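Only one structure is covered here, and it is reproduced in the block below.
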Ligand SMILES: Nc1ncnc2c1ncn2[C@@H]1O[C@H](COP(=O)(O)OP(=O)(O)OP(=O)(O)O)[C@@H](O)[C@H]1O
Ligand SMILES: [Mg+2]
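Protein chains in written order, with our numbering: chain A, 40 to 304; chain B, 218 to 460.
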């Protein structure tokens, strides 16, 4: 294999939605991410894989400054969204998190109605001029999240009364409702059964291209199924980043191969 | 926790893979033996030995099916990735190719009773050397699989040219013999088919070698450049005679 260092930085065709350069993350004295440079492309779903504790979530949280909420966390290096430095003092973090939405491992709907869960973001960001427009956003978002058919007759029921898989799709609808550019998903299916998982994967497939998507997953088959680019992390470093089809059939690095073939520790 | 490079965390996966490798070695050994026996039967006009080769082909067929079943099951249950996936796909394809090699040996054995005047067919003297190389290719391609040896696989691919050259010489010699001895045409035709079977065995060993190369490296084997071959067109007309 040639040029794997260059390969690590490139994100495929087209100009990158987000770039990261020489990113380091420290929790106090402990370094959790070591000099990671990666691009995230609009046309691709990017998967982050790697053993537990390798820093996937830490790195993902850098992309919308969720690490700011952890007092001992310190991030260095450069991260841009559409060429704009997201760590610059002029960056509005609330605005940033609307542009770079996040879906967590455990579905976390607000204890409000299904409608209000989805309408929440558009309301605080003033995205809808009136009731009709808000209704419209809620419906479109639920449709994109593949949930509309199941909830359209019970929009005023509590979001927490839905099944786990439905709650996760509600959270995705909530992220979509503010019309983000990037959606970060941290193990979004780990609490779901295979059918609910398949629905989320189908939904990722449906919305890809409209949003840049980055997904952290422990499920190798899931990474292979949903992503076009895969990044393998190990002990805080980026070991390999390339085409998903290549990573899973013919990885360049032995560490990647050992991990994805189940020969790891 | 550190990468071990060899064993899987799930040990049962290794035992499936080892069982498959054992079966591939066995089907390879059996087909190699079938070639040797069929050639011995031909040289000695030994009809009993020829019948044995035909009967034993059933074992090769059964083995192919068992390999395919276990490969299929392993892929379904273990969802292999990277070199594991490549090896299992190669195993699946190799078992089919080796089974075909067995069929060619069987086809040679079936012709043994039809060649009664071996002593008068001059070109037959080239067959033992040709079959020796063809079986070497079969053995080496399967050794390459067992050792994941991409270099040996390349070597098999290269040496297949020798088998092709033998075939071309025999082809010309047989045609000449037919012209000079029209009464031998029937038996000489069988002789030509036997040479053709050996030539196909060489090609199949090359196919195995190509899969070994892919399994070992993840890349397709670089093409061997084939010189223009005067008998290619006639070859197509003769086509595959094996069953
Ligand atoms: N809030 C925190 N404070 C201190 N250390 C942390 C914190 N969060 C994570 N770490 C440490 O940083 C390292 C990377 O953790 P991270 O959660 O990013 O790993 P991960 O790859 O997401 O693991 P998993 O697959 O288990 O979710 C680990 O050593 C972890 O202990
Ligand atoms: Mg994590």
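Virtual Cβ for every residue (Gly too), placed ideally from N, Cα, C.
Here the structure is a predicted model, which is why all the values come from computation and not from measurement.
Measuring C-alpha to C-alpha distances from residue 426 of chain B to each of B:407, B:375, B:411 identifies B:375 as the nearest. In the DSSP assignment, residue 128 of chain A is bridged to no other residue. Using a Cβ distance threshold of 7 angstroms, residue 77 of chain A and residue 59 of chain A count as a contacting pair.
Contact between residue 326 of chain B and residue 271 of chain B is confirmed by a C-beta separation of about 5 angstroms, below the 8 angstroms threshold. Judged by their CB atoms, residue 88 of chain A and residue 271 of chain A are nearer to each other than the 7 angstroms cut-off. Rounded to the nearest whole angstrom, the CA to CA distance from residue 412 of chain B to residue 387 of chain B is 7 angstroms. At least one beta carbon of chain A lies nearer than 7 angstroms to the beta carbon of residue 227 of chain B. Within the segment 90–157 of chain A, the runs of alpha helix (DSSP H) at least 4 residues long that lie entirely inside it are, in chain order, 95–101, 132–138.
Annotation: residue 73 of chain A has no Cβ neighbours in chain B at a cutoff of 9 angstroms; minimum Cβ distance is about 18 angstroms. When DSSP assignments are scanned along the segment 233–298 of chain B, the uninterrupted stretches of alpha helix (DSSP H) that are 4 or more residues long and fall wholly within it turn out to be 264–295. In this structure the segment 279–291 of chain B touches the segment 303–313 of chain B; the number of beta carbon pairs closer than 8 angstroms is three or more.
If you look at residue 279 of chain A, you'll find it in the beta strand (DSSP E) that goes 276–282.
Chain-order list of chain A residues neighbouring residue 302 of chain B: 287, 288, 300, by C-beta distance under 9 angstroms. Only residues of its own chain outside the window of five on either side were considered, and among them 204 have a CB closer than 6 angstroms to the CB of residue 235 of chain A, listed in chain order.
When the alpha-carbon of residue 252 of chain A is set against those of A:142, A:131, A:237, the nearest one is in A:142.
Listed along the chain, the chain A residues whose CB falls inside 9 angstroms of the CB of residue 297 of chain B are 300, 301. Using a CB distance cut-off of 7 angstroms, residue 260 of chain A counts as an interface residue toward chain B. Residue 379 of chain B sits away from residue 418 of chain B, with the two beta carbons spaced by 7 angstroms or more. At a cut-off of 7 angstroms between beta carbons, residue 193 of chain A makes no contact with chain B. Chain-order list of chain B residues neighbouring residue 296 of chain A: 299, 300, by C-beta distance under 7 angstroms. In the structure shown, residue 197 of chain A adopts extended strand secondary structure according to DSSP, grouped into three states. With a minimum length of 3 residues, there is no unbroken run of beta strand (DSSP E) contained wholly in the segment 320–382 of chain B. If the five residues before and after residue 283 of chain A are omitted, its C-beta is found closer than 8 angstroms to the C-beta atoms of 86, 262, 263, 266, 267, 268, 269, all from its own chain and listed in chain order.
Any heavy atom of ligand 1 counts here; residues with a Cβ closer than 5 angstroms to one of them, in chain order, are A:66, A:71, A:91, A:92, A:93, A:94, A:95, A:96, A:97, A:109.
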